[in-house]
Amino acid sequence: MDIRALGYLRIETADLAAWRTYALDVLGMTEGQDSTDTQLSVRIDDRVHRLRFVAGTTDRLLAAGFEVANARALREAAAELEAAGHAVKQGDDATLADRRVQGLIHCEDPSGNPLEIYWGQAQDHSPLAAPYGNRFVTGEMGLGHVVLPAAEIGASLDFYENLLGFQLRDSMKLPPVAVPTAAPGKDFHWMHFLSPNRRHHSLGLYPGALPPGIVHFMVELERLDDVGYCLDRMNAAGIPIASTLGRHSNDHMVSFYAQAPGGFQVEYGWDGLIVDPATWTAKEITADSFWGHQWNG
């Protein structure tokens with residue numbers, strides 16, 4: 445299967461106003477032209493939206509959207525999923541219009557995470573007008589990355605690596621205390637990092653359940669200073685910092701983590717590792733970070 449990138453995230457929120465302030469005023473993103481009173485579309489580049497927050501009664505991931513190149517690639521993806529025994533639903537006209545794409549299928553991974561595979565998302569050619577002059581790293585590498593809960597960790601790894609065609613970049617052992625919802629009786633649980641492109645990872649698989657259906661998403665900035673400015677905005681707004689500034693050992697990202705509306709986190713980073721898939725070998729990392737990333741609770 446020829447998945448190219450993590451294209452977008454759709455998130456239901458019980459507090460749309462909080463996300464509007466958080467995404468636009470704190471994260472420095474731009475409101476998309478297709479926002480309404482009940483949904484917030486967020487731009488970080490020339491796509492009509494990379495994030496979509498939909499007003500509802502709960503806080504949960506509605507879908508992680510993965511992009512393929514064209515209609516043929518989408519047909520092939522649907523056929524491969526069905527041949528492997530995974531249910532596929534074609535997106536109807538209303539869904540295509542809402543997502544601003546030319547083709548889309550719905551499916552789930554073995555842990556029940558909702559996915560949308562699509563092609564042909566519309567662009568917005570108007571100036572981005574980021575409020576603080578900050579610019580995000582996207583392009584062929586997509587939105588950034590997302591970490592999803594995967595209680596069925598073995599089946600989920602097989603699904604993304606051997607069916608969707610992601611490359612396993614590295615894995616890390618987590619102690620049972622870090623995965624309270626995982627099956628008991630094990631000395632450790634594996635967490636995996638994968639990508640369909642040159643970004644070190646576009647997807648993380650956390651080996652347990654989590655009510656919002658998302659652990660965190662990451663956006664990458666072009667300048668380290670923009671990470672620092674955002675950290676200052678977080679502190680000024682009284683937003684809890686989940687992890688201090690640090691540099692990760694696997695993707696070398698300099699980042700911090702902050703609590704977001706809805707019970708999960710956002711990672712805001714700079715200088716992520718770009719790899720050559722042709723020469724990469726999967727590894728086990730034995731520490732989360734080279735320095736920093738002190739977790740608060």
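Residues in the sequence shown are numbered consecutively from 445, following this note's numbering. Glycine included, each C-beta is placed from N, C-alpha and C at the ideal position.
Three or more Cβ pairs drawn from the region 457 to 475 and the region 703 to 712 lie within less than 8 Å of each other, which places the two stretches in contact. Less than 8 Å separates the beta-carbon of L647 from that of L450. D446 has its alpha-carbon roughly 26 Å from the corresponding atom of V486. Out of P554, A726, R642, the CA that lies nearest to the CA of E596 is found in P554. A distance below 8 Å separates the beta carbons of F580 and I488. For the set A680, D670, D602, H589, the Cα lying nearest the Cα of S639 is the one of H589. In this structure, V671 is the residue among M473, L608, A594, V671 with its C-alpha nearest to the C-alpha of S699.
Exposed is the label assigned to P721, since fewer than 16 other Cβ atoms lie within 10 Å of its Cβ. In the three-state DSSP reduction, A626 falls in the coil class, being neither helix nor strand. The beta carbon of S733 sits closer than 7 Å to those of G690, R691, H692, S693, all from its chain and outside the five residues before and after it, given in chain order.
Just so you know, the alpha carbons of P684 and G706 end up roughly 13 Å apart. Taking A653 as the centre and dropping the five residues before and after it, the same chain places the C-beta of P593, A595, T625 closer than 7 Å to its C-beta, in chain order. Following the DSSP letters along the chain, one finds L689 inside the beta strand (DSSP E) bounded by residues 685 to 692.
Looking at the backbone, the Cα of H493 and that of V512 are separated by about 17 Å.
Note that the C-beta distance between L460 and A499 is below 8 Å. The beta-carbon distance between N641 and R448, rounded to whole angstroms, is 6 Å. This is short enough to meet the 8 Å contact definition.
Residue environment analysis places R667 among the exposed positions, since fewer than 16 neighbouring C-beta atoms fall within 10 angstroms of its C-beta. Counting along the chain, Y673 sits inside the alpha helix (DSSP H) bounded by residues 668 to 681.
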